[in-house]
Each structure stands twice: as C-alpha cells, then as structure tokens.
Amino acid sequence: MAKIAAIPMILTALCVFVGGTLWTVVYSFTSSRLLPKANWVGLDQYERLWNTNRWIVSIENLMIYGICSLIFSLVIGFVLAALLDQKIRFENTFRTIILYPFALSFIVTGLVWQWILNPDFGVQNIVRSLGWASFEFDPLYNQDIVIYGILIAGLWQGTGLIMVLMLAGLRGIDQEIWKAARVDGIPTWKTYIFIVIPMMRPVFVTTLVLIASGIVRVFDLVVAQTSGGPGIASEVPAKYVYDTMFLRQNLGQGFAASTMMLLAVAIVIIPWAYLEFGSRKRD
Amino acid sequence: MKSFRSLLCGTAMCAAGAAHAVDLEVTHWWTSGGEAAAVAEFAKAFNEMTEHTWVDGAIAGSGGVARPIMISRITGGDPMGATQFNHGRQAEELVEAGLMLDLTDVAEAEGWRDIVHPVSLLDSCTIDGRVYCVPVNIHSWQWIWLSHAAFAQAGVPVPTNWDEFVAAAPKLRESGIVPLAMGNQPWQASGAFGVITIALAGPEAWAAVSVDKDAEVAAGPVYAKVFEAAAAAREMRQGSNVQDWNQATNLVITGKAGGQIMGDWAQGEFQVANQMAGSDYSCLPGLGVNEIISTGGDAFYFPKQSDPDVEAAQKELASLMLSKEVQVAFNLKKGSLPVRGDVDLAAANDCMKKGLAILAQGNILPDANQTLSPDTLGQIEDLMTEFWADSSISAADAQERYADIIANAD
Chain W
11 MAKIAAIPMI
21 LTALCVFVGG
31 TLWTVVYSFT
41 SSRLLPKANW
51 VGLDQYERLW
61 NTNRWIVSIE
71 NLMIYGICSL
81 IFSLVIGFVL
91 AALLDQKIRF
101 ENTFRTIILY
111 PFALSFIVTG
121 LVWQWILNPD
131 FGVQNIVRSL
141 GWASFEFDPL
151 YNQDIVIYGI
161 LIAGLWQGTG
171 LIMVLMLAGL
181 RGIDQEIWKA
191 ARVDGIPTWK
201 TYIFIVIPMM
211 RPVFVTTLVL
221 IASGIVRVFD
231 LVVAQTSGGP
241 GIASEVPAKY
251 VYDTMFLRQN
261 LGQGFAASTM
271 MLLAVAIVII
281 PWAYLEFGSR
291 KRD
Chain G
4 MKSFRSLLCG
14 TAMCAAGAAH
24 AVDLEVTHWW
34 TSGGEAAAVA
44 EFAKAFNEMT
54 EHTWVDGAIA
64 GSGGVARPIM
74 ISRITGGDPM
84 GATQFNHGRQ
94 AEELVEAGLM
104 LDLTDVAEAE
114 GWRDIVHPVS
124 LLDSCTIDGR
134 VYCVPVNIHS
144 WQWIWLSHAA
154 FAQAGVPVPT
164 NWDEFVAAAP
174 KLRESGIVPL
184 AMGNQPWQAS
194 GAFGVITIAL
204 AGPEAWAAVS
214 VDKDAEVAAG
224 PVYAKVFEAA
234 AAAREMRQGS
244 NVQDWNQATN
254 LVITGKAGGQ
264 IMGDWAQGEF
274 QVANQMAGSD
284 YSCLPGLGVN
294 EIISTGGDAF
304 YFPKQSDPDV
314 EAAQKELASL
324 MLSKEVQVAF
334 NLKKGSLPVR
344 GDVDLAAAND
354 CMKKGLAILA
364 QGNILPDANQ
374 TLSPDTLGQI
384 EDLMTEFWAD
394 SSISAADAQE
404 RYADIIANAD
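So the protein lines, in turn, are chains W and G. Just remember that the working numbering sits 10 ahead of the position in the first sequence, which is counted from 1. Just remember that the working numbering sits 3 ahead of the position in the second sequence, which is counted from 1.
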C-alpha cells in the first residue's frame with residue numbers, strides 16, 4: 011500500500027528531475043541557440059567551454075568561495091554556538107541578532123554589503139574620517155580579492171543559521187555526559203572536540219548539506235554585489251549558465267556548463283553518499 | 004446567486020462587445036523618466052486613434068532583464084500583443100520558429116520600403132522576404148560627450164577630435180580630472196570599443212570584421228591600432244569608480260571627468276541637468292574622426308495569436324507606430340532619431356540635429372546587434388570587460404583573442 015501511495019512522487023521525481031537532467035545533458039551535445047534543436051555537434055560545446063577564460067575564472071572563484079565558506083561557516087557557527095551555550099544572559103537577544111541576517115535575501119544582503127564595502131561611503135571612508143588617512147579597504151574594486159568581499163557577505167548572511175542548528179545540537183547532548191567529563195577532570199575544550207562534536211554528527215551532516223547547496227547556487231549574491239566585476243574577477247558558474255542561456259541565447263553552451271556543474275556536484279556527493287549509506291548496511 | 008448570474012451575463016456581454024475592440028498588452032523595458040514619457044505617446048495614439056486599448060506591460064530593469072522574460076512568455080505559450088526588441092537578431096529564432104506575426108501585407112500596403120530611412124532597418128526586420136517587425140527609432144553609439152568646465156579647469160581648449168582628446172588627457176590628469184569616464188557595466192566597455200574601432204579603423208575595416216567576420220582583418224595592423232588606442236583609453240578611465248552609465252555621464256556633467264564615450268541616450272542626462280549643447284558640453288559624432296553613426300535602436304514585434312481580432316489590432320498598432328505624427332511625438336520625448344526621413348523635427352536640439360544631418364547624408368553603418376549574434380556579442384563583451392578592467396592584458400593578447408572570436412562568429 012505504501013508503495014502504491016508513493017508512485018506519484020516517484021513518477022514526478024523520475025520525470026521532472028531525472029528526465030529534465032537527462033534532457034539537459036543530451037541537448038548539451040547540440041548547437042541549440044534560442045530554442046532547443048537536435049543538430050548534434052559532439053563535444054564542441056564542452057571544448058569551447060573549457061577554452062573560455064570566464065568559465066575558468068568562475069570555477070576558480072567557486073573553489074575559493076566554496077572551501078572558505080565551508081570552513082568558516084562551520085568554525086564560526088560552532089564557536090558562536092558553544093559561546094551561547096555557556097548559559098549566558100540575554101541568550102535570546104544574541105541568538106536573534108545573529109540569526110537576523112538569514113531573514114534577508116541574498117539580493118538584499120548583496121546590496122547592503124555593496125554599500126558597506128564601497129570605498130567612498132563605507133568602511134574605508136569611516137576609518138579614514140577617524141584619522142587613518144591611508145587606510146585602504148576596497149575588496150569589491152580590487153580584482154585579486156573581490157571574491158573575499160563576496161565571501162564576507164555570504165558568511166554574514168548564512169552563519170546565523172548554522173549557529174542555531176549547532177546550538178540545537180549542543181542542547182541535544184545529555185547533561186550527564188558533561189557531568190561525567192567534569193568528574194573525570196577533562197578540560198571543557200577537550201570535551202567539545204573529542205566527545206561532543208563526534209556525538210553531533212547528524213547536525214554536522216545537515217549543516218554540511220545546507221552550506222554545500224548554498225555554495226553551488228551562489229548567484230544572486232554576486233549579481234547584487236558586483237555583477238561579476240571588476241572585469242570578470244567575481245564571475246561564478248551559475249551566472250555563466252544564466253548569461254549564456256538567457257541573455258546570449260546559446261542554450262547548448264549553457265547546458266554544457268550546467269552539465270559540468272552537475273558533474274562537480276556528483277563528484278562530491280557520490281563518495282559521500284557511498285560512505286554515509288554504504289557503511290550503514292554493513293552495521 | 005443573483006449577483007453571480009448578473010456577473011455571468013456581464014461577462015457574456017463583454018465578450019460579445021469585445022469582438023472588435025481589443026486590449027493589447029505591449030511589453031517593453033522603457034522605464035526611466037524620458038523613456039516612459041516616450042512610450043506614453045504610443046499608448047495615447049493607440050487609445051485615441053483606434054478603438055483598442057493599450058495595456059502597458061513595462062518590465063523594470065534593462066533589456067538584459069526584460070528579454071528573457073519576454074522570450075519565455077512567447078515560447079511558453081503566453082504571448083503578449085506586441086513586444087520591444089532591439090533592431091537586429093535578438094528575435095531571429097523566434098521568427099524562424101513561426102512565433103511572430105507576418106506584417107508583410109501591412110508593409111506592402113503602406114510602402115514601408117519607401118518610407119523607412121535608412122532602409123537597412125527594414126532589412127533587419129525582414130527574414131526570407133517577409134516583414135516581421137516595425138522599427139521605431141534610431142539610437143547611435145558613436146558619440147563622445149565633453150565637459151567644457153573640465154577642459155577650462157585644465158587650461159586646454161575643448162578637443163574637436165579623438166587625437167586632441169588623447170593629447171589633452173595628461174593635462175586633465177594633472178588638474179585632478181579623470182580624462183575618460185566609464186562605468187563598470189560590461190556593455191559600456193564593449194560599446195566604447197566599437198566606437199573607437201569605427202573612428203580609428205574606419206568603416207570598411209569595421210564592416211569586414213563585424214559584417215563579413217573576416218578574422219584576418221581583425222588580427223591585422225589596422226585593428227592593432229584600435230587595440231593600442233583602447234589600451235590607452237583604459238589608462239585614461241582609471242579613477243572613474245562608478246557602475247552605471249548615467250553616473251559616468253554625471254561625472255562629465257559636473258566637470259569631474261573630461262569626456263565619456265556613450266550613445267546618444269546620454270544627452271537626456273544633459274538635458275535634465277539643464278546643460279546647453281555648445282556652451283556647457285560638446286558632442287562629437289564618430290569621435291570627430293569619422294562622422295558616421297550606426298543605426299541601432301528599437302523595433303516592435305507582434306507574437307502570433309490565434310484570435311483574428313487581436314491580429315487586426317496588432318496590425319493597426321504596427322502601422323500607427325510608423326505614422327508621421329507618432330514618430331515625431333515619440334522620438335522627441337525619447338531623444339532618438341525617427342526611422343523615416345520625411346518628418347520634421349524642428350524642436351530637436353543641436354546634437355540631435357548633427358545626428359539627423361549625418362543620417363540625411365547617408366553616413367550610416369548597421370549596429371553590431373544587426374550583424375552579429377547575441378552569442379558572439381556576449382563573447383566580445385566578456386573579452387572587453389576583462390581587457391578594460393585588467394591592465395595586465397596587453398593589446399596584442401586581447402587582439403589575438405578577439406580575432407579568435409571573430410573566426411568562430413556566426
């Protein structure tokens with residue numbers, strides 16, 4: 011009975027997700043322009059893609075953004091949660107303040123940080139007006155560090171949620187464990203690292219998935235903050251896909267790029283899923 | 004129940020009454036002050052001179068935002084009554100897929116081929132001998148706008164051509180003025196490059212590359228000069244840290260920058276700021292070197308609909324947009340040039356008159372939008388964005404990559 015009830019869901023998943031994905035991959039081997047047409051060109055689109063400077067820059071940016079965002083989100087999120095977990099006063103207030111940015115869309119976040127990081131109006135200007143006239147902080151106008159300007163905004167927006175999830179995980183740890191650790195004379199930081207964190211594995215998996223999906227779809231933040239500039243220094247793959255498909259009317263090229271994105275996600279997901287679900291069977 | 008029945012009756016009556024009068028939704032991306040005023044002229048004429056009603060479907064943002072929305076509505080089976088595109092190849096595939104209304108009968112009955120000037124505008128609406136769109140205005144890119152105040156401050160006379168401008172640049176720099184204002188939006192860089200090309204390489208070389216896609220010319224010595232000039236212009240724009248084109252125009256208006264290479268839509272900004280052409284600012288078509296303008300601009304397409312009444316209304320609107328009175332009223336508000344040579348634009352300002360004179364002499368080129376596909380233009384735009392932002396890319400490297408794009412262009 012349960013299987014019959016699940017049929018509509020399975021069909022939808024197969025047709026919409028798997029079907030749509032396969033269709034995209036198949037048409038990435040065509041020279042489709044504005045409308046999908048089945049004139050096959052083999053691997054031409056991929057060849058062009060990997061010869062395009064903008065795509066290479068996009069991939070590099072995604073790597074930098076991804077690795078930094080993963081590490082900093084987890085570390086900052088966990089440290090904030092651990093600090094809040096010390097039974098401090100006004101915990102609710104702090105929690106709300108830190109979670110608040112998450113209520114804003116990436117577009118708003120991007121615009122806000124565009125102003126904050128603008129050298130003529132934002133941080134640089136404030137510090138200079140305090141007397142430090144040679145102070146320079148204009149990440150959004152410097153090709154070499156622009157991606158970190160975007161990273162700051164992304165962390166500001168996303169870390170709050172990670173912190174709340176971590177805090178929930180910490181609260182789920184039995185108080186008896188803390189007591190036992192204290193009786194054994196284990197220092198607090200050791201308890202966190204060797205006892206609490208391994209126990210919080212499910213929470214870490216959840217946050218990891220949330221952060222990873224946030225990384226792959228980073229698009230609106232870039233559009234709002236820099237629109238890929240200065241030059242092409244802050245382009246990301248999702249923006250390349252959007253631009254080629256909808257602005258440049260080159261579906262084939264856009265499909266090829268999105269297939270590469272899918273492949274990248276698969277390379278990360280498949281080993282992880284194998285470890286995660288494969289090991290459970292053996293248990 | 005009663006009210007429901009009367010509602011039903013009302014709907015039925017409406018349906019019967021609407022057999023001739025049609026609500027026609029028109030989508031476009033004209034939302035700034037002057038643009039909205041201009042499109043209101045279309046709406047007014049349509050509402051007053053026909054029995055149909057203009058339903059305004061303005062899409063905020065820019066063409067880049069609006070076009071995907073329009074295209075997805077047309078391909079998704081929810082076509083609007085009429086829609087704006089730029090002259091050229093943006094809607095080419097939609098026409099080929101049979102999604103656009105064929106206007107050939109209207110065009111032949113009214114003799115569009117005789118009245119549209121330059122006739123190349125009609126050619127870019129024509130596919131396989133059938134006419135699919137109505138050109139409504141001409142916008143040209145080939146202008147440089149110069150601030151008299153900035154040059155007075157630097158103590159140099161206002162240049163009359165590009166070479167004088169380049170020569171005056173160091174003086175401007177010394178007085179703390181940015182010689183060349185340019186925003187960071189990608190299209191501004193590739194547009195300015197196009198203008199420099201036509202001015203320095205000349206129309207023949209430009210046509211060889213942009214129309215005939217001759218990669219050898221693109222890699223040759225004539226274009227090498229253009230890339231050298233663009234690299235020099237890249238130095239001149241250092242310090243204009245603005246995003247939007249109108250912010251860059253504002254640097255010129257306030258005398259913080261010497262000049263800006265920008266299309267004729269920039270003069271709307273000067274007008275709003277109460278600047279007088281000739282005394283506060285100058286405009287040099289073709290950078291004062293080759294007085295030639297390209298004939299880009301906007302055209303309206305009419306997506307195919309099943310209802311014959313709607314089709315009739317679409318054709319009425321098409322012929323209305325090209326009529327003399329509407330052309331004058333619309334283009335004066337828009338600051339663009341009319342698409343027919345037989346109308347009187349006495350109210351035009353100095354810069355517009357210069358443009359009209361060049362148009363009358365026939366010194367015109369097609370716009371790159373008409374000759375290259377959006378895909379190729381996008382690749383050029385990427386290259387230009389990179390080149391203008393990163394001074395470590397040499398002119399020769401950029402030229403090589405440019406020639407490569409042209410070799411693969413379609």
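By construction, the Cβ of each residue, glycine as well, lies at the ideal position given by its N, Cα and C atoms.
(request) Please list the segments of the alpha helix (DSSP H) lying wholly inside the region 107-161 of chain W, counting only runs of 4 or more residues, in order along the chain. (result) 116-126 and 133-139
(message) Given this structure, state the Cα-to-Cα distance separating Arg240 of chain G from Gly289 of chain G, to the nearest angstrom.
(response) As a first step, residue 240 of chain G must be located in the second sequence, where it is residue number 237. As a first step, residue 289 of chain G must be located in the second sequence, where it is residue number 286. Those two C-alpha atoms are separated by around 19 Å.
(request) Measure the CB-CB distance between Leu165 of chain W and Ile86 of chain W and report whether it falls below 8 Å. (result) The residue given as residue 165 of chain W occupies position 155 in the first sequence. The residue given as residue 86 of chain W occupies position 76 in the first sequence. Contact check for Leu165 of chain W against Ile86 of chain W passes: the beta carbons are separated by less than 8 Å.
(message) Taking beta-carbon pairs under 9 Å, can you tell me which members of the region 235-252 of chain G lie near chain W?
(response) Asn244 and Gln246
(message) Could you check whether the region 287-301 of chain G touches the region 202-210 of chain G, counting it as contact only if at least three pairs of C-beta atoms, one from each stretch, sit closer than 8 Å?
(response) Judged by Cβ distances under 8 Å, the region 287-301 of chain G makes contact with the region 202-210 of chain G, as three or more pairs qualify.
(message) Please report whether the beta-carbon of Glu51 of chain G lies at a distance below 8 Å from any beta-carbon of chain W.
(response) Position 48 of the second sequence, counting from 1, holds the residue named residue 51 of chain G. Judged by the 8 Å Cβ criterion, Glu51 of chain G is not in contact with chain W.
(request) Spatial neighbours of Asn164 of chain G within its chain, please: CB distance less than 6 Å, with the 5 preceding and 5 following residues excluded, ordered by chain position. (result) Indexing the second sequence from 1 puts residue 164 of chain G at position 161. Correct list, in chain order: Gly291 and Val292.
(request) Note down the Cα distance separating Asn456 of chain G from Val206 of chain W, rounded to an integer number of angstroms. (result) Lying outside 4 to 413, the shown extent of chain G, residue 456 of chain G is not represented and no answer is given.
(request) Helix, strand or coil for Gln270 of chain G, going by three-state DSSP, please let me know. (result) Position 267 of the second sequence, counted from the first residue, corresponds to residue 270 of chain G. Reduced to three states, the DSSP call for Gln270 of chain G is helix.
(message) I believe Pro46 of chain W touches Leu261 of chain W by the beta-carbon criterion, under 8 Å. Please report the beta-carbon distance rounded to the nearest angstrom.
(response) In the first sequence, residue 46 of chain W corresponds to position 36, counting from 1. In the first sequence, residue 261 of chain W corresponds to position 251, counting from 1. Yes, Pro46 of chain W and Leu261 of chain W are in contact; Cβ-Cβ is about 6 Å, under 8 Å.
(message) Please confirm whether Leu183 of chain G has its beta-carbon closer than 8 Å to some beta-carbon of chain W.
(response) Mapped onto the second sequence, residue 183 of chain G falls at position 180. Chain W contact via Cβ: absent.
(message) By the three-class DSSP mapping on this structure, what secondary structure does Arg8 of chain G have?
(response) The residue given as residue 8 of chain G occupies position 5 in the second sequence. Because Arg8 of chain G sits at a pLDDT of 46, beneath the cut-off of 50, its placement in the model cannot be relied upon, and the following sentence gives the value as read from the coordinates. Of the three classes helix, strand and coil, the one that applies to Arg8 of chain G here is helix, per DSSP.
(request) Taking only the alpha-carbon atoms, compute the straight-line gap between Ala184 of chain G and Phe27 of chain W and give it to the nearest angstrom. (result) Against the second sequence, residue 184 of chain G aligns to sequence position 181. Against the first sequence, residue 27 of chain W aligns to sequence position 17. Roughly 48 Å between the two C-alpha positions.
(message) Quick check on the burial criterion: 16 or more other C-beta atoms within 10 angstroms. Buried or exposed for Tyr284 of chain W?
(response) Taking the first sequence and counting its residues from 1, the one referred to as residue 284 of chain W is at position 274. Tyr284 of chain W should be labelled exposed.
(message) Considering just the uninterrupted stretch of the beta strand (DSSP E) at Gln87 of chain G, what are its terminal residues?
(response) Stepping through the second sequence from its first residue, residue 87 of chain G is reached at position 84. Start and end: Ala85 to Asn89.
(request) With hydrogens ignored, establish whether the beta-carbon of Trp282 of chain W is closer than 7 Å to any heavy atom of the ligand NAD. (result) In the structure shown, the ligand NAD is absent, as is every other ligand, since no ligand is present at all.
(request) Less than 8 Å between the CB atoms is what I'm expecting for Gly170 of chain W and Leu109 of chain W, so what's the real figure, rounded? (result) Residue mapping note: residue 170 of chain W aligns to position 160 of the first sequence, counting from 1. Residue mapping note: residue 109 of chain W aligns to position 99 of the first sequence, counting from 1. Sure, about 4 Å apart at Cβ, within 8 Å.
(request) Alpha carbon to alpha carbon, how far is Ala321 of chain G from Asp128 of chain G? Give it in angstroms, no decimals. (result) Taking the first residue of the second sequence as position 1, residue 128 of chain G is located at position 125. Taking the first residue of the second sequence as position 1, residue 321 of chain G is located at position 318. Residue identity check: residue 128 of chain G is Cys in the sequence provided, not Asp. One C-alpha to the other measures close to 13 Å.
(message) So for Thr252 of chain G, helix, strand or coil by DSSP?
(response) Position 249 of the second sequence, counted from the first residue, corresponds to residue 252 of chain G. Helix.
(request) Put Met176 of chain W into one of helix, strand or coil per three-state DSSP. (result) For this step, residue 176 of chain W is matched to residue 166 along the first sequence. Three-state DSSP puts Met176 of chain W in a helix.
(request) Please go through the same chain and pick out, in chain order, the residues whose beta-carbon is closer than 8 Å to the beta-carbon of Tyr75 of chain W, but skip the five residues on each side of it. (result) Taking the first residue of the first sequence as position 1, residue 75 of chain W is located at position 65. Taken in chain order, the residues that qualify are Ile157, Ile160, Leu161, Gly164, Ile225, Val228 and Val246.
(request) Out of W:Arg192, W:Ile172 and W:Pro197, point me to the one whose CA is closest to Thr216 of chain W's CA. (result) In the first sequence, counting from the first residue as 1, residue 216 of chain W sits at position 206. The shortest C-alpha separation from Thr216 of chain W is found at W:Ile172.
(request) Scan the region 171-240 of chain G and note each continuous alpha helix (DSSP H) run of 4 residues or more that stays entirely inside, going in chain order. (result) 189-213, 218-222 and 224-239
(message) Can you tell me where the alpha helix (DSSP H) holding Phe45 of chain G begins and where it ends?
(response) As a position in the second sequence, residue 45 of chain G is number 42, starting the count at 1. Run containing Phe45 of chain G: Gly36 to Met52, per the alpha helix (DSSP H) assignment.
(request) Note down, in chain order, each residue of its chain lying with its Cβ closer than 6 Å to the Cβ of Val225 of chain G, except the 5 sequence neighbours on either side. (result) In the second sequence, residue 225 of chain G corresponds to position 222, counting from 1. For Val225 of chain G, where only same-chain residues beyond five positions count, the Cβ hits under 6 Å are Ala204 and Ala208.
(request) Using a Cβ-Cβ cut-off of less than 9 Å, list which residues of the region 249-279 of chain W approach chain G; keep chain order. (result) Answer set for the region 249-279 of chain W: Tyr252, Asp253, Thr254, Met255, Phe256, Leu257, Arg258, Gln259, Asn260 and Gln263.
(message) Which complete alpha helix (DSSP H) runs does the region 72-123 of chain G hold, if anything under 4 residues is left out?
(response) 95-99, 107-113 and 115-118
(message) So Thr388 of chain G contacts chain W; which residues on that side make the cut at Cβ distance below 9 Å?
(response) Taking the second sequence and counting its residues from 1, the one referred to as residue 388 of chain G is at position 385. Near Thr388 of chain G (Cβ distances below 9 Å), the residues of chain W are Arg64, Gly238, Gly239, Pro240, Gly241 and Ile242.
(request) Determine the direct distance from the alpha carbon of Cys286 of chain G to that of Arg105 of chain W, and round the result to whole angstroms. (result) As a first step, residue 105 of chain W is located in the first sequence; it is residue number 95 there, counting from the start. As a first step, residue 286 of chain G is located in the second sequence; it is residue number 283 there, counting from the start. About 58 Å.
(request) Below 7 Å CB to CB, which residues in the same chain sit around Gln250 of chain G once its five sequence neighbours on both sides are set aside? (result) As a first step, residue 250 of chain G is located in the second sequence; it is residue number 247 there, counting from the start. Excluding positions up to five away in sequence, the list reads Gly186.
(message) Suppose you measure from the CA of Thr34 of chain W to the CA of Gly264 of chain W; what does that come to, to the nearest Å?
(response) By 1-based counting over the first sequence, the position of residue 34 of chain W is 24. By 1-based counting over the first sequence, the position of residue 264 of chain W is 254. If you take the alpha carbons of Thr34 of chain W and Gly264 of chain W, they lie about 9 Å apart.
(message) What are the residues in the region 141-155 of chain W lying within 9 Å of chain G by C-beta distance?
(response) Asp148, Tyr151 and Gln153
(message) Can you look up Thr40 of chain W in the DSSP assignment and give me helix, strand or coil?
(response) Counting from one through the first sequence, the residue named residue 40 of chain W turns up at place 30. The answer is strand: DSSP assigns Thr40 of chain W an E or B state.
(message) Taking only three categories from DSSP, how would you classify Arg258 of chain W?
(response) To locate residue 258 of chain W, count along the first sequence from 1; it is residue 248. Arg258 of chain W: coil per DSSP, three-state reduction.
(request) Please report how far the alpha carbon of Val137 of chain W lies from the alpha carbon of Met279 of chain G, in whole angstroms. (result) The residue you call residue 137 of chain W lines up with position 127 of the first sequence. The residue you call residue 279 of chain G lines up with position 276 of the second sequence. Each residue's CA atom was taken as its position, placing Val137 of chain W and Met279 of chain G some 40 Å apart.
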